[in-house]
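Position 379 of the sequence shown, counted from 1, bears residue number 420 in our numbering, the numbering being contiguous throughout.
The structure appears right after this line, and notes come after that.
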Amino acid sequence: MAPVGGTDGDNSLSERAQRHLWMHFTRLGGYDAKHEVPVMVRGEGAYVFDQHGKRYLDGLSGLFTSQLGHGRMELAEAAAKQAGQLAYFPLWTYAHPRAIELAERLAGMTPGDLNRVFFTSGGSEAVESAWKFARQYFKLIGQPSRTKVISRDISYHGTTMGALSITGVPPLKTPFEPLVAGSIKVPNTNFYRAPVHGDDLEAFGLWAADEIERAMEREGPETVAAVFLEPMQNAGGCIAPPPGYFQRVRQICDRHGVLLVSDEVICAFGRLGEWFGSKRYDYQPDLITVAKGLTSGYAPLGAMIVSDRLAEPFLHGDSNFTHGFTFAGHPVSCAVAMANLDVFEKEDINGHVRRTEGAFRAGLQSLEDLPMVGDVRGDGFFYAIELVKDKVTRESFTDEEGEFLLRGYMSGALYEAGLICRADDRGDPVVQLSPPLICDQPEIDFMVETLRNVLSEAWRRI
Ligand SMILES: Cc1ncc(COP(=O)(O)O)c(C=O)c1O
């Protein structure tokens, strides 16, 4: 087949990538003359095309990012126009119109009183900023001992040293230890693996919320600055909050004067059919962190959003949040974000997700007859399938079996079949789907059919 959008009939892009490009979170030794680097050269709607012109359904939206899908000229044109007008100016001391407009627009969309936007270049920077903000905030209001943070087991909050400390995935952390001190872990809300109250979802959720309070009491509440939670936890496989969980966490944070940070780097901008995941699950955070879908990936951008109430100590005299990034709130990225939000509104993308998520869920649940499918869970356009060796006992695969299953077979087979999704074992093995928010029944059918074929074959091979 003739290459589409690229010129790589002879694999030279792959060879050059192996020679010079350091891919992230990648076993670089896994590529050789026989195992080429997948090189994506073009995107169109929910699909991307590799260097040989082969088409794939982008079932993970790149990295939970390409909400509107690929090839949206409105966004490309907004970027070009802004680059021509004012390509770059920092937000250190100065402002520029696109950052002002976007901050104002976000302030009008956020839940409750969150109305002040501190831009970053991405998600880790947003999380890092939120922890630093919390520390400086408490120093300014006379509670300097509040420095610690609480987050959940197997959660992923980014890779910079602060964000990595908040992350709860040990293999990602150990190579870089010692990390930032004072990051405490509590259980997540994976009901399928509930250690207690396995027959009562609500009781389990309240137990998990109370574990946060128990951790505060162990540490001394006056030493805790913030709790970092995703609305729906990604790592571990789309772990939803049980009913009442966030409401109880809110009460606990209020009781102990601790800030509740909703890390919505994945869950904002339509992933769960709402602007914000906290809206979907009906809770009021003190801070929200966002990135990814804010621009649908057409340019890098993140943000930390707080209320005037929290910004107050920074609004007077010579006080100053002594923190910033050169590229944060880049004019081109802000212009792209504005165009992205315009399309969301014009095409009612959030409404589309809400109208279509039932069909997505039903399609994935139709796989529950397969021997390996233990649990199908998620909301919106954000789902995971947990894979088990024994559905009755819920026994998981051994590390070796997981390695064979996910890396040895399934990742390659899914890719071969034209579906990009994530086969992940940061917790128990899961397959994750997070497609562009423009997907409809044909894409859902393709994902379900491909998964049925690959999971069936994987079971025969294990
Ligand atoms: C919840 C959450 N927080 C933070 C991050 C880090 O974002 P970034 O990769 O843009 O630094 C991620 C990335 O996937 C994330 O899922």
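Note that beta-carbon positions come from the ideal geometry of N, C-alpha and C, so glycine has one too.
The stretch 157-172 / the stretch 202-218 touching (three or more Cβ pairs under 8 Å): Taking 8 Å as the limit for Cβ pairs, the verdict is that the stretch 202-218 does touch the stretch 157-172.
Leu265, DSSP secondary structure in three states: Sequence check: residue 265 is Val here, not Leu. If DSSP states are grouped into helix, strand and coil, Val265 belongs with the strands.
Validate contact between the stretch 441-460 and the stretch 359-370 using beta carbons, cut 8 Å, 3 pairs: Between the stretch 441-460 and the stretch 359-370, the count of C-beta pairs closer than 8 Å stays below three; the two stretches do not touch.
Helix, strand or coil at Ile195 [DSSP, three-state]: Residue state, collapsed to three classes: coil.
Nearest-angstrom Cα separation, counted from Arg418 out to Ile280: Ile280 and Arg418: Cα-Cα distance of roughly 7 Å.
Cβ-based burial, Gly246 [other Cβ within 10 Å; buried from 16]: With 16 or more other Cβ atoms within 10 Å, it is buried.
Alpha helix (DSSP H) runs contained entirely in the stretch 86-155, provided each spans 4 or more residues: If we require 4 residues or more, the alpha helix (DSSP H) runs fully inside the stretch 86-155 come out as 102-105, 114-127 and 138-150.
Bridge partner(s) assigned by DSSP for Leu301: BP columns for Leu301 point to Val268.
Test item: CB-CB of His103 and Ala87 under 7 Å: It is Gly, not His, that sits at residue 103 in the sequence shown. Contact flag unset, no.
Supposed contact pair Gly404 and Ile485 - C-beta distance, whole angstroms, cut 8 Å: Between Ile485 and Gly404 a beta carbon distance of about 5 Å is seen, short of the 8 Å cut, so the two are scored as contacting.
Glu258, enclosing alpha helix (DSSP H) - first and last residue: Run containing Glu258: Leu242 to Glu260, per the alpha helix (DSSP H) assignment.
Alpha-carbon spacing of Thr188 relative to Arg176, whole angstroms: For Thr188 and Arg176, the distance between alpha carbons rounds to 5 Å.
Closest by C-alpha distance to Ala425, when choosing among Arg502, Pro476, Glu56 and Gly392: When each option's Cα is compared against that of Ala425, the closest is Pro476.
Short Cβ contact (7 Å threshold) for Gly100 with Ile479: No, the Cβ-Cβ distance between Gly100 and Ile479 is not below 7 Å.
Distance cut-off 6 Å: His198 Cβ against heavy atoms of ligand 3: In the structure shown, ligand 3 is absent; the only ligands present are ligand 1.
Top-ranked residue by Cα proximity to Arg350, from Trp133, Phe179 and Arg68: Closest by alpha carbon: Phe179.
7 Å CB neighbourhood of Ser196 in its chain, flanking five on each side removed: Within the same chain, Ser196 has close Cβ partners Thr208, Gly209, Asn229, Glu271, Gln274 and Ala276.
Distance cut-off 6 Å: Asn229 Cβ against heavy atoms of ligand 1: Because no heavy atom of ligand 1 lies under 6 Å away, the Cβ of Asn229 does not count as near it: no.
When Gly453, Met413 and Leu492 are compared against Asp469, the one with the closest alpha-carbon: Scanning Gly453, Met413 and Leu492 for the CA closest to the CA of Asp469 turns up Met413.
Which of helix, strand or coil DSSP assigns to Ile182: Ile182 falls in the coil class under three-state DSSP.
Enclosing alpha helix (DSSP H) for Tyr456 [first to last residue]: Its alpha helix (DSSP H) spans residues Ser452 to Glu457.
Integer-rounded CB distance, given that Arg312 should sit under 8 Å from Phe423: That pair is a contact at about 5 Å.
Ser165 CB to nearest heavy atom of ligand 1 below 6 Å: At least one heavy atom of ligand 1 is nearer than 6 Å to the Cβ of Ser165, so yes.
Candidates Ser53, Met150 and His65: closest to Asp91 by CA position: Here the closest residue by C-alpha is Ser53.
Sequence-distant residues of the same chain with beta carbon closer than 6 Å to Leu496, five excluded per side: Within the same chain, Leu496 has close Cβ partners Leu411 and Met413.
Bounding residues of the alpha helix (DSSP H) (the contiguous stretch that carries Met2): Nothing about residue 2 can be read from this structure; the chain reaches only from 42 to 503.
Bridge partner(s) assigned by DSSP for Leu474: Partner(s): Tyr424.
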